[in-house]
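Chains as they are written, first to last, in the working numbering: chain W, -17 to 430; chain S, -17 to 430.
These notes are about the structure you will find just below.
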């Protein structure tokens, strides 16, 4: 299954519209912005992510010969158009909010300025990247806030929606503060630290649980974590205590045990006691099994003696909110601001900037959305990312993005740190109201 | 972004366990089964999907030299193990429920019988494929049932979780009865019919809505569908009526209009009246915009004059149920049945078969889950799919799978067709209870 690198991974209407734009010479500069219309339930903020994949995609944008041949065989497109596709590249500009930044509704995460066919064509994949990574980074940030001081590890690949979702969820959650992932490819591709324990099947395949632990310990002596809930968690913890001195004679140290079922807080207390009384106070406890941020918050309140959490499904599918109401909309074409006015989906026109005000401790006070060039109090969030189709040299590496995200979470006011948050108002500047009114007046005067 | 074809797209623990299995010579035949533990809220059935991707994956299973070199550099594995990986292939058997079949909790969708390291290693990607396609096919089937006689089209790529999710959602929804997708690559890869209209940006980029329609019509004269909600839906419908005779003189026929916002039922009635009174009764109405099966059912009850629906986010993310509680568990190793007994996650041991009883109209009456070879009333659901690592010749093509799925939906009893369904009980045969008791007794007698 190779899907992500084909430019045919797009909506047919993008190609249809491109054909029409070329036919009618509509290749003037267009400005599109990508934004979220409103926050979903229980989300007080979003954490922007996916920009690096967007830049890679735009820099590598080209149709392969076999893809053009496929479009030709379909009979849908003119020869002239297909010739245009052969040389089709992204030559435009991108401005964006840096990855790891806290963002709110109506704030552009990304602005593309390019000849109309280019800026139009990239819509589908740009949303696909930014939507998914933003939703996972935002979910991960909630988990990081719910379990202060704990190591969180992404275990979600198997229940992620396909290959790319699994890989990008590892990146997006690491960016937001996770310690790492179980997904091996994420280390190779993004340098995300990887962690692995053992499965129940390993224990089941042995006739004896202690023998299973011993076999695994000798094969995997470094960073050894034993899974102890296959049959009876507390009995298995006692087996770990009994086994530890034998392993120690072979120079093998047990680093942790993993719980994966039942009442995790209660089992952790029992197991902690068994390990401590058995002379293993340094053996850590990793818990997993259907966890989400609410359960993490509950275990934090209980002060459960759990050192690390493996989190899968709820993270990689953002299970309570698997999609955002986001859009990529034309804001300007051929020098004129544009605005969609569909019911419930009207947009603010023009090129926009977001200004963020913070208090003396650096905490977010509020944002102002306005047109580009209309200076407001605070700091602007959108920055130049690509010019003339090439990335600017200062795009940060993933670890720098992760540090930025951590500092952003520190800047969240308490009302937004809660799992049931209040929302921060984004103020609309007078200049933007005025531009929208101009747009509407112009549209009302149209002959059509 | 290429993710899906690398064998490093797996959990680290799979490689860790393989190293341990090789170290200890544990390469006897193992039997794993993939099943869903319980139905999520509001689901009365699931539709099995993803098997073709599993077979492709297993047939193509091999580590690339650069992947082995990466694992070598990590320092985690022995030279002997890495040499084993170079020749690692899938040589086992697969039995499975055919794609498009209705299935219930605890019923194996898939059984893998292979040397333990092979059967273990494939876990992550097998779940990743079957879980996602099954969840989308099941969601799509609900939509098909909610909108009888309507054409449903997948518009979800942009909000799918990454590239592969978008592509496989097009396949899974077509399999379940959708008419097609907007995703171009799905036609090339799977032969799924593709459909495309136009975006609001196309209208906005023109100074005049009628001119936008005219430009699009001349560039895209075949299967022409005009988007009419950018500014005012009914006014735009009147513009379509005025434009139609001019286009007809150029031999261009308008096939449809698309609504994408507001009260779709109410707009459809207004637009239908405008089109009919304007002499365009043959122009169809396509509606889209945040639709799910409940809204489809509501529009069906209203008898809204809508001919086709474009459905995105709720389909491709299965938004109310973005994940299933599914598992791939060891059922037998070295000839002995195995059983996990973790709290709330105990499994039925052994190789299993599902027998389905139907009434005289072919409607599902009930299923019996039992051990392989224990013949029950009805028809067995699991069939041989791969032997010795190769697919059997009669794996159906996608259109045959789609026909099978359609006949399965006809066989649903009324109680399961409802959006708020009753669940069908799956009976457990006495032979399976007996085997589970044997397993527990053996485990209780273990020395560990």
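Think of the CB as a built atom: it goes at the ideal place given N, C-alpha and C, for glycine as much as any other residue.
Practice task
For residue -4/W, count neighbouring C-beta atoms within 10 Å of its own C-beta (all shown protein chains included) and say buried if the count is 16 or more, exposed if not.
Solution key: Residue environment: residue -4/W is assigned as buried (16 or more neighbouring CB atoms within 10 Å of its CB, all protein chains considered).
Exercise for the section: From the DSSP output, in three-state form, read off residue 247/W for me. Expected result: Three-state DSSP puts residue 247/W in a helix.
Practice task
Take the Cβ of residue -7/W as the centre, count every other Cβ of all protein chains shown within 10 Å, and call the residue buried at 16 or more, exposed below.
Solution key: The residue in question, residue -7/W, is buried, as its Cβ has 16 or more Cβ neighbours within 10 Å.
Problem - Rounded Cβ spacing between residue 185/W and residue 194/W (contact assumed at less than 8 Å) - result: Right, the Cβ-Cβ distance comes to about 4 Å (below 8 Å), so this counts as a contact.
Handout entry: C-beta contact flag for residue 152/S and residue 163/S at 8 Å
Key = Contact flag set, yes.
Exercise for the section: Given a cut-off of 8 Å, decide if residue 139/W and residue 160/W are closer than it, judged by their beta-carbon atoms. Expected result: Cβ distance not < 8 Å, so residue 160/W and residue 139/W don't count as in contact.
Problem - Assigned secondary structure, residue 79/S (DSSP; H/G/I helix, E/B strand, else coil) - result: DSSP places residue 79/S in coil when its eight states are reduced to three.
Exercise for the section: Assign residue 374/W to one of two classes, buried (16 or more other C-beta atoms within 10 Å of its C-beta) or exposed (fewer than that). Expected result: Residue 374/W comes out exposed.
Handout entry: Rounded separation between residue 229/W and residue 99/S - CA only
Key = Residue 229/W and residue 99/S have their alpha carbons spaced roughly 25 Å apart.
Practice task
Run the CB neighbour count on residue 415/S, radius 10 Å, all protein chains shown included, and call it buried at 16 or more, exposed below.
Solution key: By the 10 Å Cβ count, residue 415/S comes out exposed.
Handout entry: Proximal chain S residues relative to residue 109/W, where beta-carbon distance stays under 8 Å
Key = Going along chain S in sequence order, the residues near residue 109/W (Cβ under 8 Å) are 140 and 141.
Exercise for the section: List the residues of chain S whose Cβ lies closer than 7 Å to the Cβ of residue 167/W, in chain order. Expected result: Within 7 Å Cβ-Cβ: -15, -12, -10 and -9.
Handout entry: Where the alpha helix (DSSP H) through residue 114/S begins and ends
Key = That run of the alpha helix (DSSP H) goes 105 to 128.
Practice task
Measure the CB-CB distance between residue 142/S and residue 6/W and report whether it falls below 8 Å.
Solution key: The answer is no: Cβ separation not under 8 Å.
Practice task
For residue 342/W, return the contacting residues in chain S, with the cut-off set at a CB-CB distance below 7 Å.
Solution key: Listed along chain S is no residue with a C-beta nearer than 7 Å to that of residue 342/W; the closest approach is about 40 Å.
Exercise for the section: Assuming residue 209/W contacts residue 180/W (C-beta within less than 8 Å), just tell me the rounded distance between them. Expected result: At roughly 5 Å, the Cβ-Cβ gap stays under 8 Å, so residue 209/W and residue 180/W are in contact.
Exercise for the section: Check the DSSP bridge columns for residue 366/W and list the partner residues they point to. Expected result: DSSP lists 77/W as partners of residue 366/W.
Exercise for the section: For residue 379/S, decide whether its Cβ has a neighbour in chain W, counting only Cβ atoms nearer than 8 Å. Expected result: So no, residue 379/S is outside the interface.
Problem - As assigned by DSSP and simplified to three states, the class of residue 359/W - result: Per DSSP, reduced to three states, the secondary structure at residue 359/W is coil, with no helix or strand assignment.
Problem - Residue interval of the beta strand (DSSP E) (run including residue 290/S) - result: 290 to 293 is the extent of the beta strand (DSSP E) around residue 290/S.
Problem - Closer than 8 Å to chain S by CB, residue 123/W - result: It does not: the Cβ of residue 123/W has no partner Cβ on chain S nearer than 8 Å.
Practice task
Spell out a yes or no on whether the stretch 109 to 120 of chain S and the stretch 253 to 270 of chain S are touching, meaning 3 or more CB-CB pairs, one atom from each, closer than 8 Å.
Solution key: No, the stretch 109 to 120 of chain S does not touch the stretch 253 to 270 of chain S.
Handout entry: C-alpha distance - residue 190/W paired with residue 384/S, whole-angstrom precision
Key = For the pair residue 190/W and residue 384/S, the Cα-to-Cα distance works out to about 46 Å.
Handout entry: Coil, strand or helix - residue 334/S by DSSP
Key = The answer is strand: DSSP assigns residue 334/S an E or B state.
Problem - Three or more C-beta pairs below 8 Å linking the stretch 366 to 380 of chain W and the stretch 69 to 78 of chain W - result: Touching, yes.
Exercise for the section: Out of 213/S, 297/S and 421/S, point me to the one whose CA is closest to residue 188/S's CA. Expected result: Here the closest residue by C-alpha is 213/S.
Exercise for the section: Compute the distance between the beta-carbons of residue 347/S and residue 357/S, then report whether it is under 8 Å. Expected result: In this structure, residue 357/S does not lie closer than 8 Å to residue 347/S by Cβ.
Problem - Rounded separation between residue 266/W and residue 207/W - CA only - result: The straight-line gap from Cα to Cα measures roughly 9 Å.
Exercise for the section: Would you list the residues sitting across from residue 51/W in a DSSP beta bridge? Expected result: Looking at the DSSP assignment, residue 51/W forms no beta bridge with any residue, so it has no partner.
Practice task
Return the CA-CA distance between residue 434/W and residue 275/W, expressed in angstroms with no decimal places.
Solution key: Residue 434/W is absent from the structure shown; chain W starts at -17 and stops at 430.
Exercise for the section: Report buried or exposed for residue 48/W, applying the criterion of at least 16 other Cβ atoms within 10 angstroms of its Cβ. Expected result: Around the beta carbon of residue 48/W, a 10 Å sphere encloses fewer than 16 other beta carbons of the protein chains shown; the residue is thus reported as exposed.
Practice task
Would you verify that the beta carbon of residue 334/W is, or is not, closer than 8 Å to some beta carbon of chain S?
Solution key: With 8 Å as the cut-off, residue 334/W does not count as an interface residue toward chain S.
Practice task
Can you tell me which of 254/W, 411/W, 360/W and 242/W puts its alpha carbon nearest to the alpha carbon of residue 271/W?
Solution key: Residue 242/W is the option with its Cα nearest to residue 271/W.
Practice task
With DSSP collapsed to three states, give me the class of residue 228/S.
Solution key: Three-state DSSP puts residue 228/S in a helix.
Handout entry: Cα-Cα separation between residue -11/S and residue 115/S, rounded to whole angstroms
Key = Between residue -11/S and residue 115/S, the C-alpha separation is close to 20 Å.
Handout entry: For residue 352/W, the nearest candidate out of 88/W, 45/W and 156/W (CA to CA)
Key = Of the candidates 88/W, 45/W and 156/W, the one whose C-alpha sits nearest the C-alpha of residue 352/W is 88/W.
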